[in-house]
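First residue of the sequence shown: 2, per this note's numbering; consecutive thereafter.
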Amino acid sequence: MVNAASRWSPADYAQNAGFVPALGAAALALLDPKPGEFVIDIGCGDGVLTEQIARAGARVIGLDASPDMVEAARARAVDAFVADCQSLDLDRQVERFGQFDAAFSNAALHWMLDPAAVARGVFKLLRGGGRFVGEMGGEGNLAILRRGLREKLTGRGYSLPAEDPQWYAGPADFEAIYRAAGFTAIAAQLVVRPTQLPAGITGWIKTFRSGLLDVAGVPAEEREDIAAAAERRLSPELRQPDGTFVADYVRLRFKMHKPQSAS
Numbered sequence: 002m003v004n005a006a007s008r009w010s011p012a013d014y015a016q017n018a019g020f021v022p023a024l025g026a027a028a029l030a031l032l033d034p035k036p037g038e039f040v041i042d043i044g045c046g047d048g049v050l051t052e053q054i055a056r057a058g059a060r061v062i063g064l065d066a067s068p069d070m071v072e073a074a075r076a077r078a079v080d081a082f083v084a085d086c087q088s089l090d091l092d093r094q095v096e097r098f099g100q101f102d103a104a105f106s107n108a109a110l111h112w113m114l115d116p117a118a119v120a121r122g123v124f125k126l127l128r129g130g131g132r133f134v135g136e137m138g139g140e141g142n143l144a145i146l147r148r149g150l151r152e153k154l155t156g157r158g159y160s161l162p163a164e165d166p167q168w169y170a171g172p173a174d175f176e177a178i179y180r181a182a183g184f185t186a187i188a189a190q191l192v193v194r195p196t197q198l199p200a201g202i203t204g205w206i207k208t209f210r211s212g213l214l215d216v217a218g219v220p221a222e223e224r225e226d227i228a229a230a231a232e233r234r235l236s237p238e239l240r241q242p243d244g245t246f247v248a249d250y251v252r253l254r255f256k257m258h259k260p261q262s263a264s
């Protein structure tokens, strides 16, 4: 089931979240796509990085649960499809495509709350010897920012899930899930990366937490005020001397392989 808190506006994303694909360059370099390779992008969003994989000469397909983001990716001429990446079962995959040489994912896996299902699905999509490379939110990601928003929402009487609806894994938990799916040579590390927010905390909440506000039942007319209040609350911790804001991002960067002998 698609995460109800994962809701996206391509316009807001393009305006306020350009740093996401820009900072995905390290994961893309780890993938190092080669001409002629067949690559699948898990949670491709609006296709900015998918397009870069194609420019490297690879054939690439993007999958995302958001129809609006898939439409934005297709506007870039990306071969993108709507799919729940927790249920990866591409119609007639082997007949139509064969198996993939590599899978890639940036800033998407933490939105998928059944990580074991994702791991099994990616394993099935890859050929023997194929690799899975990417980056996601890691353990401790956005701890300050999430706490501040939660305090403002609960302080105004809104009911929230006990845990935020994202999976921010540590390396050990991440490796255990993917090893159980059959992957080997798993390398996963946390990268602490304070990240400047061009649109401030208010723009970040509008772009990345609209779905959470939906889940909490926050009316449209209250959202700007709540976001502004959260920004004021977090100013002592996340406001920089030049007046800009940073988010306390922690990323989990990974690479692994499907055994050559696996079908």
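The beta-carbon is built from N, C-alpha and C at its ideal position, and this holds for glycine as well.
This one's a predicted model, so the numbers in the text were calculated from it and none came from an experiment.
In this structure, what does DSSP give as the bridge partners for residue 107? Taking the sequence shown and counting its residues from 1, one reaches residue 107 at position 106. Beta-bridge pairing links residue 107 to 136.
Residue range of the alpha helix (DSSP H) that includes residue 226: Start at 1 with the first residue of the sequence shown, and residue 226 comes out as number 225. 221-239 is the extent of the alpha helix (DSSP H) around residue 226.
Is the CB-CB distance between residue 207 and residue 13 below 8 Å? Working through the sequence shown from its first residue, we reach residue 207 at position 206. Working through the sequence shown from its first residue, we reach residue 13 at position 12. Result yes, Cβ atoms of residue 207 and residue 13 sit closer than 8 Å.
Distance between residue 169 and residue 141 (C-alpha atoms, nearest Å): Along the sequence shown, one-based indexing puts residue 141 at 140. Along the sequence shown, one-based indexing puts residue 169 at 168. Separation of residue 141 and residue 169 (C-alpha to C-alpha, rounded to the nearest whole angstrom) is 7 Å.
Assumed close pair residue 109, residue 178 - CB separation to whole angstroms, cut-off 8 Å: Within the sequence shown, numbered from 1, the residue matching residue 109 stands at position 108. Within the sequence shown, numbered from 1, the residue matching residue 178 stands at position 177. Wrong, their Cβ atoms sit about 16 Å apart, outside the cutoff.
Other residues of its chain near residue 101: CB distance less than 7 Å, five sequence neighbours each side excluded: Within the sequence shown, residue 101 is the residue found at index 100, counting from 1. Around residue 101: 39, 40, 41, 126, 127, 128, 131.
Where do the ends of the beta strand (DSSP E) carrying residue 256 lie? Here residue 256 refers to the residue found at position 255 of the sequence shown. Its beta strand (DSSP E) spans residues 246-258.
Rounded separation between residue 68 and residue 256 - CA only: Translated into the one-based positions of the sequence shown, residue 68 becomes position 67. Translated into the one-based positions of the sequence shown, residue 256 becomes position 255. The straight-line gap from Cα to Cα measures roughly 28 Å.
Return the CA-CA distance between residue 189 and residue 133, expressed in angstroms with no decimal places. To locate residue 189, count along the sequence shown from 1; it is residue 188. To locate residue 133, count along the sequence shown from 1; it is residue 132. Going from the Cα of residue 189 to the Cα of residue 133 covers about 11 Å.
State the Cα-Cα distance for the pair residue 64 and residue 11, rounded to the nearest angstrom. Walking along the sequence shown from the start, residue 64 turns up at place 63. Walking along the sequence shown from the start, residue 11 turns up at place 10. For the pair residue 64 and residue 11, the Cα-to-Cα distance works out to about 15 Å.
Per DSSP, what kind of secondary structure is residue 150 in: helix, strand or coil? Position 149 of the sequence shown, counted from the start, is the residue given in the question as residue 150. Note: residue 150 maps to helix in three-state DSSP.
Classify residue 130 as helix, strand or coil using the three-state DSSP reduction. On the sequence shown, residue 130 is found 129 positions in, with the first residue counted as 1. Residue 130 falls in the strand class under three-state DSSP.
Between the Cα of residue 191 and the Cα atoms of 31, 172, 181, which residue gives the shortest distance? Here residue 191 refers to the residue found at position 190 of the sequence shown. Considering only alpha carbons, the answer is 172.
Who pairs with residue 189 in a beta bridge, going by DSSP? Position 188 of the sequence shown holds residue 189. Per DSSP, 255.
Mind checking which residues open and close the alpha helix (DSSP H) that includes residue 40? Along the sequence shown, one-based indexing puts residue 40 at 39. Not the alpha helix (DSSP H): residue 40 falls in the beta strand (DSSP E), residues 39-43.
Considering only the beta carbon of each residue, do residue 71 and residue 61 sit closer than 8 Å? Taking the first residue of the sequence shown as position 1, residue 71 is located at position 70. Taking the first residue of the sequence shown as position 1, residue 61 is located at position 60. Residue 61 sits away from residue 71, with the two beta carbons spaced by 8 Å or more.
Between residue 3 and the rest of its own chain, which residues show a CB-CB distance below 7 Å, the 5 nearest in sequence each way excluded? Indexing the sequence shown from 1 puts residue 3 at position 2. Correct list, in chain order: 66, 85.
With a CB to CB cut of under 7 Å and the five nearest residues on each side skipped, what residues in its chain are close to residue 123? As a working note, residue 123 is residue 122 in the sequence shown. Correct list, in chain order: 43, 89, 104, 133.
Residue closest to residue 250, alpha-carbon to alpha-carbon, out of 5, 174, 25: The residue given as residue 250 occupies position 249 in the sequence shown. That would be 25, whose Cα lies nearest to the Cα of residue 250.
Let me confirm a value: residue 160 is counted as buried when at least 16 other C-beta atoms fall within 10 Å, else exposed. Which label applies? Locating residue 160 in the sequence shown gives position 159, where the first residue counts as 1. By the neighbour-count criterion, in which a residue is buried when 16 or more other Cβ atoms sit within 10 angstroms of its Cβ, residue 160 is exposed.
Could you please give the first and the last residue of the uninterrupted beta strand (DSSP E) stretch that includes residue 204? Counting from 1 along the sequence shown, the entry for residue 204 is found at position 203. In the DSSP assignment, residue 204 falls outside any beta strand (DSSP E) and lies within the alpha helix (DSSP H) extending over 201-209.
Contact belief for residue 185 with residue 258 at Cβ below 8 Å, rounded distance in angstroms: What you label residue 185 is simply residue 184 of the sequence shown in a count that begins at 1. What you label residue 258 is simply residue 257 of the sequence shown in a count that begins at 1. Right, the Cβ-Cβ distance comes to about 6 Å (below 8 Å), so this counts as a contact.
Quick one: using the 10 Å Cβ neighbour count with 16 as the cut-off for buried, is residue 157 buried or exposed? Along the sequence shown, one-based indexing puts residue 157 at 156. Its Cβ having fewer than 16 others within 10 Å, residue 157 is exposed.
CB-CB length for residue 211 against residue 112, believed under 8 Å: Along the sequence shown, read from residue 1 onward, the residue named residue 211 stands at position 210. Along the sequence shown, read from residue 1 onward, the residue named residue 112 stands at position 111. Rounded, the Cβ-Cβ distance is 13 Å, inconsistent with contact.
On the CB-based measure, 16 or more other CB atoms within 10 Å of its CB, does residue 18 come out buried or exposed? Taking the sequence shown and counting its residues from 1, the one referred to as residue 18 is at position 17. Burial call: buried.
Residue 150 versus residue 224: straight-line alpha-carbon distance, rounded: Position 149 of the sequence shown, counting from 1, holds the residue named residue 150. Position 223 of the sequence shown, counting from 1, holds the residue named residue 224. The straight-line gap from Cα to Cα measures roughly 11 Å.
Distance cutoff 8 Å, beta carbons only. Does residue 191 sit that close to anything in chain D? Included in the structure is just one protein chain, with no chain D present.
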